[in-house]
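Numbering (our numbering), first residue to last: 49 to 219.
Note that the Cβ used here is the ideal one computed from N, Cα and C, for glycine as well.
Heads up, the thing below is written out as structure tokens.
Below is the structure:
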């Protein structure tokens with residue numbers, strides 16, 4: 049029997065809230081650094097400068113985590129969602145069996161109209177021009193249905209439809 053395998057990546061778009069958070073963190077680190085220098089000068093305790101230096105190194109260490117990519121791996125009916133932070137840290141977010149899904153269709157499809165009220169987990173790039181699909185399924189850790197947004201390749205959609213033609217819709 050042939051193994052069906054496909055994978056796809058989607059780089060998450062930087063939103064305005066992420067940019068605002070970056071600016072706030074930079075200002076905060078600068079203020080902590082300047083305050084630690086001023087306090088160390090006034091108290092003659094030079095070790096307080098280390099607090100400011102630690103804040104700078106903390107920001108440098110955390111900065112790559114703002115760059116997020118999603119990776120989707122479909123293998124024999126299982127679909128894995130992984131988050132890659134900074135191009136190096138990989139974390140498995142979710143694994144679902146597509147046979148357990150209620151519907152898989154493009155996000156603008158009428159097949160998903162009855163599920164628009166559900167909680168949404170957005171694992172897409174947030175790009176308006178992207179080919180976003182929705183999966184309606186029950187999460188393993190919850191007893192509620194959710195809609196998961198992701199960006200599969202055409203090969204992945206083809207393999208999912210071959211596996212579960214009654215669940216996967218192309219339009």
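### Query
Just the Cα atoms here: how many angstroms apart are residue 189 and residue 105?
In the chain shown, residue 189 corresponds to position 141, counting from 1. In the chain shown, residue 105 corresponds to position 57, counting from 1. Taking the straight line joining both Cα atoms gives about 36 Å.
### Task
Would you mind listing the alpha helix (DSSP H) stretches within the segment 87–136 that are 4+ residues and don't spill past its ends, in chain order?
Listed in chain order, the complete alpha helix (DSSP H) runs (minimum 4 residues) inside the segment 87–136 are 97–110.
### Message
So if DSSP puts residue 195 in a beta bridge, which residue, or which two residues, is it bridged to?
### Response
Along the chain shown, one-based indexing puts residue 195 at 147. For residue 195, which the question treats as bridged, DSSP gives the partners 168, 184.
### Query
For residue 68, which of helix, strand or coil comes out of DSSP?
Within the chain shown, the letter at position 20 stands for residue 68. DSSP places residue 68 in helix when its eight states are reduced to three.
### Task
Could you tell me if residue 118 is buried or exposed, where buried requires 16 or more neighbouring beta carbons within 10 angstroms of its beta carbon?
The residue given as residue 118 occupies position 70 in the chain shown. Answer is buried; the Cβ neighbour count reaches 16.
### residue 184 versus residue 194: straight-line alpha-carbon distance, rounded
Taking the first residue of the chain shown as 1, we reach residue 184 at position 136. Taking the first residue of the chain shown as 1, we reach residue 194 at position 146. About 6 Å.
### Query
Considering only the beta carbon of each residue, do residue 149 and residue 160 sit closer than 8 Å?
Within the chain shown, numbered from 1, the residue matching residue 149 stands at position 101. Within the chain shown, numbered from 1, the residue matching residue 160 stands at position 112. No, they are not a contact pair.
### Task
Going by DSSP, name the residue or residues bridged to residue 139.
For the purposes of this step, residue 139 is taken as the residue at position 91 of the chain shown. Note: residue 139 sits in a beta bridge opposite 131.
### Task
Whole angstroms is fine: what's the gap from residue 62's alpha carbon to residue 135's?
Position 14 of the chain shown, counted from the start, is the residue given in the question as residue 62. Position 87 of the chain shown, counted from the start, is the residue given in the question as residue 135. One C-alpha to the other measures close to 15 Å.
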